[in-house]
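Okay, structure first, notes after.
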Amino acid sequence: MRVIYLLIILLISLQSYSIYAQQNHPLAKLWGINDTEVLEWLDAEKYLIMIDGILNLILKQDNFISGFGGTYIDIFANWLVVNTVDDSKIGELLALTQINPYKESLHFEIVTNSMNKLNDYFRTIKLIADNYKPRGALIYPDMGFNNIVIYFFDSHINNTEFINAVEPFNPKIIYADNLIHKI
């Protein structure tokens, strides 16, 4: 019985052992940093997520939605990338009291697709997908590409009719098995 109690205590103490004390923490590997820097990078990411939350509420407003194409966090550069269709709106955005304190954390990228356009393209491509029923496909808006992405899990499945039907919307097409061969 004592052995069982000792094993339970040992297991509980191992569970409470900090994952940050491990060598080769998964996030450290992913980000290419030292294990000791993981907490600092997580704090930086939380900060950028907080700014993104504030910014996205503003960008959804009528006077901004057609001038911007969404946001994404670039943890390596430690900034929030703001996809910008109409660069004349940048000054107006930075002048807002909610945004001004965070302007040093923002990086503006000139892009072609606004959030309105991406939302319209996504809805339309979804309707086309409902008709053609592509197999092994994942469809999503990607702010890094400033485009709709159609991710196919297997390039051997014939989805040519669907791809031809969505061609006017110029989505980014990615095949998973092609990515695997490149790695």
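Those letters in the sequence shown? Residues -21 to -1, 1 to 162, by mature numbering (1 follows the signal peptide of the UniProt record, and there is no 0).
Glycine is no exception: its CB is placed at the ideal position from the N, C-alpha and C atoms.
Might you give, ordered along the chain, the residues of its own chain that have their beta carbon closer than 6 Å to the beta carbon of E88, omitting 5 neighbours on each side?
Residue 88 sits at position 109 when you count from the first residue of the sequence shown. Correct list, in chain order: V60 and N62.
Am I right that S93 and L27 are in contact with their C-beta atoms under 8 Å? What's the rounded C-beta distance?
Within the sequence shown, the letter at position 114 stands for residue 93. Within the sequence shown, the letter at position 48 stands for residue 27. Wrong, their Cβ atoms sit about 22 Å apart, outside the cutoff.
DSSP three-state assignment for K25, whether helix, strand or coil
Here residue 25 corresponds to residue number 46 of the sequence shown, with the count starting at 1. Three-state result, K25: helix.
Going straight from the alpha carbon of D156 to that of D41, what length do you get?
By one-based count along the sequence shown, residue 156 stands at place 177. By one-based count along the sequence shown, residue 41 stands at place 62. About 41 Å.
Can you name, in chain order, every residue of its own chain whose Cβ lies under 7 Å from the Cβ of F148, other than the five neighbours on each side?
Start at 1 with the first residue of the sequence shown, and residue 148 comes out as number 169. Closer than 7 Å at Cβ, skipping near neighbours: Y100, T103, I104 and I127.
Leaving out five residues before and five after L73 in sequence, what residues of the same chain have Cβ atoms less than 7 Å from its Cβ?
As a working note, residue 73 is residue 94 in the sequence shown. Contacts found: N79 and K82.
Which of helix, strand or coil does DSSP assign to F131?
Counting from 1 along the sequence shown, the entry for residue 131 is found at position 152. If DSSP states are grouped into helix, strand and coil, F131 belongs with the strands.
Please report the distance separating the alpha-carbon of N3 from that of F132.
Position 24 of the sequence shown, counted from the first residue, corresponds to residue 3. Position 153 of the sequence shown, counted from the first residue, corresponds to residue 132. Taking the straight line from one Cα to the other gives about 30 Å.
Going by CA-CA distance only, name the one from W10, K112, G70 and V145 that's closest to A56.
Reading the sequence shown from its first residue, position 77 is the one you call residue 56. Of the candidates W10, K112, G70 and V145, the one whose C-alpha sits nearest the C-alpha of A56 is W10.
Cutting at 6 Å between CB atoms, please list the residues of its own chain near N137, excluding the five before and the five after it.
Position 158 of the sequence shown, counted from the first residue, corresponds to residue 137. Cβ neighbours of N137 beyond the five flanking positions: none.
Can you tell me which of I52, W58 and S45 puts its alpha carbon nearest to the alpha carbon of S67?
Locating residue 67 in the sequence shown gives position 88, counting from the first residue. That would be S45, whose Cα lies nearest to the Cα of S67.
Against chain B, does L75 count as a neighbour if the rule is that its beta carbon must be under 8 Å from one of theirs?
Given the protein chain composition of this structure (a single chain), no chain B is represented.
Rounded C-alpha distance that separates A23 from T15:
Your numbering for residue 23 matches position 44 in the sequence shown. Your numbering for residue 15 matches position 36 in the sequence shown. Near 14 Å, if we compare the C-alpha coordinates of T15 and A23.
Close beta carbons around D121, own chain, < 8 Å, minus the five adjacent residues each side:
For the purposes of this step, residue 121 is identified with residue 142 of the sequence shown, where counting begins at 1. Once the five neighbours on either side are set aside, the close Cβ partners of D121 are I127, V128 and K151.
Please specify which runs of the alpha helix (DSSP H), each continuous and at least 4 residues long, are wholly inside the segment 56 to 140, giving them in chain order.
68 to 73 and 94 to 111
Quick one, which of I142, Y130, H86 and F124 has its alpha-carbon nearest Y111's?
Taking the sequence shown and counting its residues from 1, the one referred to as residue 111 is at position 132. If we check each option's Cα against that of Y111, I142 comes out closest.
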